[in-house]
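S.K.: Got a structure for you, written out below as structure tokens; questions coming shortly.
Residue numbers (my numbering), protein chains in the order written: chain A, 1 to 347; chain B, 348 to 905.
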């Protein structure tokens, strides 16, 4: 995976931007097959996702959880670790936030909300620490363990939400969290909530950790060259575990935001693969916090606009999935993009 | 498609026939003295005229014209970054020259890609080998030119062809061994076989000795001689003058992308070549006063270390290093030196024994704790250990110091101003080029990368300095500089442990020399007692008691 780039210079932007353009071109072919005019379809896509303040708010709301999972995955990447477990981490984060949210109804907001958020982060961090420790101490590949931890998280939360914390309604969900634990809506009638502020803070914090602290220096050193890190007195094992904990804590905020800001409760299997989308977001964002923001907004926009496109044109919303898949394929085939555009540049 | 396969088969058969001919009449391959130097009589097999190649910001090759004569070993020397590899990459079709022409056997040629070069009869062996680890030697050699019948690879014929080639040129290697299991020296022979199998008439070797032990280098030279005997032309890229003098017929020197000149090897010498390379006079011997050793600063006693595979690598080693002296450890690589050094610096935990610094045990402490007690360490592999290639010069200069003040404030945050100031100071005093602390270190030349490692480790004012292969792969200018710095450390009262596979380096820097063989220290000599023959004999496992007698009675060390 691409670990090299640290800054968002124009050269580093070539591949992500080129991939998006190419993916839209390939998508246009499918629009034609569906019997629509690509220009019309893409116009709808754009207008419905960025055309008004309200649609921008919806786009941002859709982007919020992707920012968290994208940041989480990117952070682990910087330490050379591939965290595929963001999905599980966000589920355990969500359930803990929900449990704290439906309990302690008499706490004031300034305590209750931070407690729910911190509880969720702690749960996600611990969840990710398990594969981190296994990797650091026993050399077990983190990809295997993060995937397996996802399944543990699914069934654990299934049990909790249908058993001890099943709410008063028939559906497999908890009760509504107390208003003191909710992330308030900041742009009605959309579901955009103060989670977006948390996301922006998380971007800044991740940036500072990675490039302005000695911890970030050590984590990135381990990611680039574990041999040299060890030589430089950096504990490879300790930093791997630390990177996984931070990665899991940040990723779990996606679940926390969904529970406290969007649904108001934990719903069984609520996530539309937000954790896995985070991998795509990190990849497209070149594992840079700012890149992750823009990649998440793009993916959020595609989902917002895609729904509208489905409604207003003959193009099914599945086109969005194709475009997303194409973006990932092109980003992964970065050498192809570089050559393609380099040749054009010469001609 | 059919046509291509057909020509491939005929080429193959031609080659097999040629090898067979050579095997049966090894002497008669070629009139021997084609490489005599009558200017008019000799034919240039490869002629470069006015080659210029620019990369962003540098001229790698500046109007270079050069003729390579048929059947000669032509050395191409120059410091790192002088453009010798670039020039040969142009010949091999990896780069395209901006201007200039290449002619091969008298006819102008366009070499746009390596395939064209191979078809013409050019072969190149790179510093980094391009072999498939999981395939056998024979499979690697025939890759993409497989002998086949009815669509199946004829593996037996491949093995036979490879063995015949290997015998013909004295390239000892087992054709059926898997590449993953053979040594670096053998891998290089496989690369040479690959080129010969494709009927290379001109063989370009890009710094072939950089990865070899002295013994393997000797064997390589033997092979090169055999190749020359049998008519192959060799372009030998190197920056070691001794090797140029030992093997080449003619030598061309490049400096900063320009051809300084071409000499007949017999008519030039070390001093002239060194000056041509560096552009000024060079100190070939390190200037130093006799050492004034004081009390012991570091010692190891009864040290046992296992290597990564769990085999005993260091067996009951005891040594001591005093302040103000250089203790050299001579030995063929892989006799436990690396494990010894890593046990001292904390990178591996010894199984048994003591490592003492000022009389206090430090074995088993973390690398960071050992560093903080005043041990500096120049690792043998700067890419694997010494540097983080993706980091800037400034960030590499704090590796290991990064968690100490003044580079960290409030226990967590980097002090970028201090980091930058530190970098600016060291970049200036160690003359790192380009003098830009923000430059990503990957883009620096090998010599400048090593200067960064040296600057970082020496500037800590160590009590005890461990240098492992401190000048590997560097050019004369950088070697001279690093040697002087090591001696300066010694004169300031640091105890220095120097591990090197280069006997010259050991002999010119050390005050005492310990010889390591098969995990043990087999002898400790003073510098007065040591010379190249005696060390070479001991390094190969010779009996230390008999070393003197046997050598004096004229028995060759084997």
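Every residue gets a Cβ at the ideal spot worked out from N, C-alpha and C, and that includes glycine.
Comparing C-alpha positions only, which one of 181(A), 210(A), 51(A), 227(A) sits nearest to residue 693(B)?
M.R.: 227(A)
S.K.: Nearest to residue 483(B) by alpha carbon, out of 462(B), 527(B), 456(B)?
M.R.: 527(B)
S.K.: Name the two residues that bound the continuous beta strand (DSSP E) containing residue 471(B).
M.R.: 469 to 472
S.K.: Give, in chain order, every residue of the region 19 to 51 of chain A whose Cβ lies closer than 9 Å to some Cβ of chain B.
M.R.: none
S.K.: Look up residue 13(A) in the DSSP assignment and say whether it is helix, strand or coil.
M.R.: Residue state, collapsed to three classes: helix.
S.K.: Output, in sequence order along the chain, the residues in the region 498 to 519 of chain B whose CB is closer than 7 Å to any CB in chain A.
M.R.: none
S.K.: Which residue spans inside the region 510 to 579 of chain B form an unbroken beta strand (DSSP E) run of at least 3?
M.R.: Whole beta strand (DSSP E) segments, 3+ residues: 549 to 553.
S.K.: Find the nearest neighbour of residue 807(B) within the set 677(B), 720(B), 638(B), 414(B), judged by alpha-carbon distance.
M.R.: 720(B)
S.K.: Please compile the residues from chain B whose C-beta is within a distance smaller than 7 Å of the C-beta of residue 212(A).
M.R.: 760, 761
S.K.: For chain B, is any of its Cβ atoms less than 7 Å away from the one on residue 145(A)?
M.R.: With 7 Å as the cut-off, residue 145(A) does not count as an interface residue toward chain B.
S.K.: Compute the Euclidean distance between the alpha carbons of residue 839(B) and residue 639(B), then round it to the nearest angstrom.
M.R.: Taking the straight line from one Cα to the other gives about 10 Å.
S.K.: For residue 398(B), I'd like the list of residues in its chain whose CB is within less than 7 Å of its CB, leaving aside the five on either flank, ordered along the chain.
M.R.: Exclusion of the five residues before and after residue 398(B) leaves 408, 411, 434, 437, 444, 447 as the residues of its chain whose Cβ lies within less than 7 Å of its Cβ.
S.K.: Residue 228(A) versus chain B: which residues are under 8 Å apart at the beta carbon?
M.R.: 731, 732, 733, 734, 735, 746
S.K.: Between residue 717(B) and the rest of its own chain, which residues show a CB-CB distance below 7 Å, the 5 nearest in sequence each way excluded?
M.R.: Excluding sequence neighbours, residue 717(B) sits near 692, 693, 709.
S.K.: What's the C-alpha gap between residue 305(A) and residue 337(A)?
M.R.: A direct Cα-to-Cα measurement between residue 305(A) and residue 337(A) gives close to 26 Å.
S.K.: Starting from residue 207(A), trace the beta strand (DSSP E) in both directions and tell me its first and last residue.
M.R.: Careful: residue 207(A) lies outside any beta strand (DSSP E), inside the alpha helix (DSSP H) at 195 to 212.
S.K.: Have a look at the DSSP bridge pairing and note the partners of residue 421(B).
M.R.: Beta-bridge pairing links residue 421(B) to 582(B), 597(B).
S.K.: Enumerate in chain order the residues of its own chain whose CB-to-CB distance from residue 81(A) is below 8 Å, with the five nearest sequence positions on each side excluded.
M.R.: 132, 135, 142, 223, 240, 243, 244, 247
S.K.: Return the bridge partner residues of residue 168(A) from the DSSP annotation.
M.R.: Beta-bridge pairing links residue 168(A) to no other residue.
S.K.: List, in order along the chain, the chain B residues whose C-beta lies closer than 8 Å to that of residue 215(A)?
M.R.: Within 8 Å Cβ-Cβ: 759.
S.K.: Let me see if you follow: with CB-CB separation under 7 Å, is residue 207(A) close to chain B or not?
M.R.: Among the residues facing chain B, residue 207(A) is not included, as its CB has no counterpart in that chain under 7 Å away.
S.K.: Establish whether the CB of residue 863(B) and some CB of chain A are separated by less than 7 Å.
M.R.: no
S.K.: Straight-line CA distance for residue 696(B) to residue 646(B)?
M.R.: 16 Å
S.K.: Who are the Cβ neighbours of residue 872(B) in its own chain at under 6 Å, not counting the five residues just before and after it?
M.R.: 860
S.K.: Between residue 137(A) and residue 235(A), what straight-line distance do the alpha-carbon atoms span, to the nearest angstrom?
M.R.: Distance between the alpha carbons of residue 137(A) and residue 235(A) is about 12 Å.
S.K.: Considering only DSSP beta bridges, list what residue 699(B) is partnered with.
M.R.: 651(B)
S.K.: Between residue 800(B) and the rest of its own chain, which residues show a CB-CB distance below 7 Å, the 5 nearest in sequence each way excluded?
M.R.: 725, 729, 733, 734
S.K.: Please specify which runs of the beta strand (DSSP E), each continuous and at least 3 residues long, are wholly inside the region 790 to 857 of chain B, giving them in chain order.
M.R.: 811 to 815, 842 to 847
S.K.: Whole angstroms are fine: how far does the CA of residue 820(B) sit from the CA of residue 510(B)?
M.R.: 32 Å
S.K.: Using a C-beta cutoff of 7 Å, does residue 225(A) count as contacting chain B?
M.R.: yes
S.K.: Express the C-alpha separation of residue 842(B) and residue 668(B) in angstroms, rounding to a whole number.
M.R.: The straight-line gap from Cα to Cα measures roughly 6 Å.
S.K.: Using the C-alpha atoms, what's the distance from residue 666(B) back to residue 884(B)?
M.R.: 21 Å
S.K.: Can you pull the DSSP bridge partners for residue 391(B)?
M.R.: Partner(s): 416(B).
S.K.: Indicate the three-state DSSP secondary structure (helix, strand or coil) for residue 477(B) in the structure shown.
M.R.: coil
S.K.: Have a look at residue 284(A) and residue 220(A) and give me their C-alpha separation to the nearest angstrom.
M.R.: Between residue 284(A) and residue 220(A), the C-alpha separation is close to 19 Å.
S.K.: In whole angstroms, what separates the C-alpha of residue 833(B) from that of residue 625(B)?
M.R.: 21 Å
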